[in-house]
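Have a look at the structure below before the remarks.
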Amino acid sequence: MAKIQLGTRPVLYPMPALLVGADVDLKPNYMAVAWGGIACGEPLMISVALRVVRHTLKGIRQNGSFSVNIPSKDQIRELDYCGIVSGATADKVKDCGFRVFYGTLKTAPMIEQCPLNLECQVEHQLELGSHVLVIGRIVETYLSEECLTDGHPDVRKIRPLIFTHGPGSQYYEFGDAVGAAFQSGRVLVKKE
Ligand SMILES: Cc1cc2nc3c(=O)[nH]c(=O)nc-3n(C[C@H](O)[C@H](O)[C@H](O)COP(=O)(O)O)c2cc1C
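For what it's worth, my numbering labels the leading residue of the sequence shown as -6, then goes sequentially.
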């Protein structure tokens, strides 16, 4: 198969579409984040890459805590708004009509309308260049009741968004299941 070299590009598809929250000067603020993911299992940690100038980062540093909220498909407008306007010049909670709640940490503001919320305590900050990689320990997970199936978060009910970079950047919706994880590869496992 012929390959074209594209240079270095941040194309790690698919990317999540998250709303990262922090209290900045005692006021909740949220920003859209695509560069995030689970970083460790035990203890359970998540990482988000935030450009140094972000208003939200200021709050994360003030409190040592933050939230990761997973918006559903019907929150595209709020997600995108939080990704194009800075909390330095706008009250995004008011503009989006977010209902804010706090958990055990008391300083990580979460969004009631987002079906899934992760409450995080900052453990590490890596200054990598344009971005700071903030690594937080997940201290609690909150799920909207209606998104539960058999005691587990049901991604078909959460309906998270997928983000794609580049010209014509788009949000995609979560699609159909196409194969069982930890099962599909079994046919290739060599038998003794
Ligand atoms: C879909 C999407 C994903 C984004 N992902 C990131 C990201 O991973 N890291 C980052 O620093 N900025 C990211 N941004 C940009 C910030 O969300 C944007 O600059 C925001 O206005 C910052 O808000 P704040 O200044 O209130 O913190 C993204 C924007 C969009 C629309």
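Glycine included, each C-beta is placed from N, C-alpha and C at the ideal position.
message = Which residue marks the beginning of the alpha helix (DSSP H) containing E71, and which one marks its end?
response = Within the sequence shown, residue 71 is the residue found at index 78, counting from 1. Residues 69 to 77.
inquiry  = Only counting the same chain, and skipping five residues up and downstream in sequence, which positions put a Cβ closer than 6 Å to that of Y135?
reply    = Counted from its first residue, the sequence shown places residue 135 at position 142. If the five residues before and after Y135 are omitted, its C-beta is found closer than 6 Å to the C-beta atoms of N110, all from its own chain and listed in chain order.
request  = Please report the Cβ distance between I63 and P160, rounded to the nearest whole angstrom; I am assuming they are in contact, meaning their Cβ atoms lie under 8 Å.
outcome  = As a working mapping, residue 63 is identified with position 70 in the sequence shown. As a working mapping, residue 160 is identified with position 167 in the sequence shown. Their Cβ separation, rounded to whole angstroms, is 26 Å, which puts I63 and P160 out of contact at 8 Å.
task = Could you spell out the range, first to last residue, of the beta strand (DSSP E) harbouring K20?
result = Here residue 20 refers to the residue found at position 27 when the sequence shown is read from its first residue. Unbroken beta strand (DSSP E) run through K20: 20 to 26.
query = Which of the three DSSP states, helix, strand or coil, is assigned to V13?
reply = Counting from one through the sequence shown, the residue named residue 13 turns up at place 20. If DSSP states are grouped into helix, strand and coil, V13 belongs with the strands.
query = Beta carbon of L5: closer than 7 Å to some heavy atom of ligand 1?
reply = The residue labelled residue 5 in the question sits at position 12 within the sequence shown. Short note on L5: C-beta not closer than 7 Å to any heavy atom of ligand 1.
query = Can you list the alpha helix (DSSP H) stretches of 4 or more residues lying completely in the region 99 to 157, in chain order?
reply = Fully enclosed alpha helix (DSSP H) runs of 4 or longer: 148 to 151.
ask   = Considering only the beta carbon of each residue, do A101 and S137 sit closer than 8 Å?
value = Locating residue 101 in the sequence shown gives position 108, where the first residue counts as 1. Locating residue 137 in the sequence shown gives position 144, where the first residue counts as 1. At the C-beta level, A101 and S137 stay beyond 8 Å of one another.
message = Let me check one thing: in DSSP terms, what residues is C33 bridge-paired to?
response = Position 40 of the sequence shown holds residue 33. According to DSSP, which records beta bridges pairwise, C33 is partnered with M38.
ask   = Considering only residues of the same chain and omitting the five flanking positions on each side of Q176, which have a CB-CB separation below 6 Å?
value = Walking along the sequence shown from the start, residue 176 turns up at place 183. Closer than 6 Å at the Cβ level, and outside the excluded window around Q176, lies no residue.
ask   = Does ligand 1 have even one heavy atom less than 7 Å from the beta-carbon of G161?
value = As a working mapping, residue 161 is identified with position 168 in the sequence shown. It does not: the Cβ of G161 is nowhere closer than 7 Å to a heavy atom of ligand 1.
ask   = Just curious, the beta strand (DSSP E) that V199 is in, first and last residue?
value = In this structure the chain extends from -6 to 185, so residue 199 is not present and cannot be described.
ask   = What's the call for K94, buried or exposed, on a 16-neighbour Cβ count within 10 Å?
value = Locating residue 94 in the sequence shown gives position 101, counting from the first residue. Rather than Lys, the amino acid found at residue 94 in this sequence is Phe. Taking a 10 Å sphere around the C-beta of F94, we find fewer than 16 other C-beta atoms and assign the residue as exposed.
ask   = Going by other Cβ atoms of all chains shown within 10 Å of its Cβ, with 16 needed for buried, is C75 buried or exposed?
value = Position 82 of the sequence shown, counting from 1, holds the residue named residue 75. Sixteen is the threshold: when 16 or more other Cβ atoms of the shown chains lie within 10 Å of the Cβ of C75, as they do, the residue is buried.
query = With a cut-off of 8 Å, do at least 3 Cβ pairs link the region 81 to 96 to the region 6 to 25?
reply = Contact between the region 81 to 96 and the region 6 to 25 is present, because at least three Cβ pairs lie under 8 Å.
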